[in-house]
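A.B. asks: Residue numbers are given in this note's numbering: position 154 of the sequence shown equals residue 141, and the series is strictly consecutive. Quick reminder that beta carbons are idealized off the backbone N, C-alpha and C, glycines included. The structure that follows is given in the form of structure tokens.
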Amino acid sequence: MKINPFIYKLINFIRNISWLKSIHKIRHHVKVNNMAKHNVDGKYLIVLPHADDEYIGCDQLMKSNAECLIVNMDMAGGGTSEMHTLRYNELKEYVHSLNRRLVTIKDNKAYALQDIISKYQFDIICVPSFFDWHPEHFKVMGYLRDALIMLGTKAKDIRIAMYQVSVPLMPRYINFALPMTKEAYHNKWGVFSKYYKTQSYIPIKRFGANERINGKLLGSYAAEGYIIMTVDDWECSLDNVQKLDMESILRNNINDLAAIREHLVRFYTAASIGD
């Protein structure tokens, strides 16, 4: 059943007010940690399950002077084939607007990913955080893990940078952050629909609210946050996370910033993040 556009706009308006209030309340308790500010030296592989994940989580990194390769894992996303094609074209336009290279993996995903990592010898691989509810995001994590296992000792010096998509990263665990001025923040979300016209319904105010909260870490207006881990630590924590019943809790609380963060505390503890 289609939602009446007026009702949809009203729901979003109410949520926007709630998220705005939450920003100030939650941000007040975040401690400044300038050690989280990270230079972007090195080579980055940005792995995305779906078109727009890279925009939500890695836009500032892609706009930096870092050496980046963007790899689209071409997950189905649950839509029609026509929608899938439209989203791919949107992704291509956005990546090319930044003069970045885009590679799409359609088949033999783990093997193809392993070949790319081996060929380009990346320092950091960016992938969505495993505090997540999307099954296709976890499939991509599985492909990455298989690729790293195939690489063996060649992967020992690679680090994993988990980026934020729907579920917020907890500021106290963010150890790599790129500050955003007010202008950069509004530019990012102001032009989102220019590239991702098919995604006009997604809650960009919620994504932006989490970036505003993370900005307190650096004393900046907003920040793009990551959690960087060694491959061994990432694989160990991934094992721990996959034993947790996160999906229903995250789905049901995703629009309540305070509630979702309260639930995440025990998930981080169970995953042994930061130990």
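Helix or strand or just coil, what does DSSP make of R132?
C.D. replies: As a working note, residue 132 is residue 145 in the sequence shown. In the structure shown, R132 sits in a helix (DSSP, three-state: H, G or I).
A.B. asks: For G65 and P122, what's the separation of their Cα atoms in angstroms?
C.D. replies: One-based indexing of the sequence shown puts residue 65 at position 78. One-based indexing of the sequence shown puts residue 122 at position 135. Whole-angstrom Cα-Cα distance: 11 Å.
A.B. asks: Provide the residue span of the alpha helix (DSSP H) that contains A23, from first to last.
C.D. replies: Sequence index remark: in the sequence shown, residue 23 carries index 36 (1-based). From DSSP, A23 is part of no alpha helix (DSSP H); its letter is neither H nor E.
A.B. asks: Helix, strand or coil, according to DSSP, for F163 in the structure here?
C.D. replies: Working through the sequence shown from its first residue, we reach residue 163 at position 176. It is a strand residue.
A.B. asks: Using a Cβ-Cβ cutoff of less than 7 Å, which residues in the same chain neighbour S187 once the five nearest sequence positions on both sides are dropped?
C.D. replies: Translated into positions along the sequence shown, residue 187 becomes position 200. Excluding sequence neighbours, S187 sits near S180.
A.B. asks: Is H16 buried or exposed, if buried means 16 or more other CB atoms sit within 10 Å of its CB?
C.D. replies: For the purposes of this step, residue 16 is taken as the residue at position 29 of the sequence shown. By the 10 Å Cβ count, H16 comes out exposed.
A.B. asks: Pull up the distance between the alpha-carbon of M216 and that of I4, whole angstroms please.
C.D. replies: Here the question's residue 216 lines up with position 229 in the sequence shown. Here the question's residue 4 lines up with position 17 in the sequence shown. Approximately 35 Å between the Cα atoms of the pair.
A.B. asks: When the distance is taken between beta carbons, is V58 closer than 9 Å to I1?
C.D. replies: For the purposes of this step, residue 1 is taken as residue 14 along the sequence shown, with counting starting at 1. For the purposes of this step, residue 58 is taken as residue 71 along the sequence shown, with counting starting at 1. Going by C-beta atoms, I1 is not nearer than 9 Å to V58.
A.B. asks: I'd like to know whether the C-beta of S207 is nearer than 9 Å to at least one C-beta of chain B.
C.D. replies: In the structure shown, chain B does not exist; there is a single protein chain.
A.B. asks: Taking 8 Å as the cut-off, does the stretch 63 to 79 touch the stretch 141 to 150 (at least 3 CB pairs, one atom from each stretch)?
C.D. replies: No contact exists between the stretch 141 to 150 and the stretch 63 to 79.
A.B. asks: Is DSSP giving P155 helix, strand or coil here?
C.D. replies: Within the sequence shown, residue 155 is the residue found at index 168, counting from 1. Residue state, collapsed to three classes: coil.
A.B. asks: Taking only the alpha-carbon atoms, compute the straight-line gap between N242 and R193 and give it to the nearest angstrom.
C.D. replies: The sequence position of residue 242 within the sequence shown is 255, counting from 1. The sequence position of residue 193 within the sequence shown is 206, counting from 1. Distance between the alpha carbons of N242 and R193: 7 Å.
A.B. asks: Using C-beta distances below 6 Å, list every residue in its chain close to S51, excluding the 5 sequence neighbours before and after it, in chain order.
C.D. replies: For the purposes of this step, residue 51 is identified with residue 64 of the sequence shown, where counting begins at 1. The answer, listed in chain order, is V27.
A.B. asks: Report the residue from L225, A210 and H250 whose alpha carbon sits nearest the alpha carbon of I10.
C.D. replies: Start at 1 with the first residue of the sequence shown, and residue 10 comes out as number 23. Answer by Cα proximity: A210.
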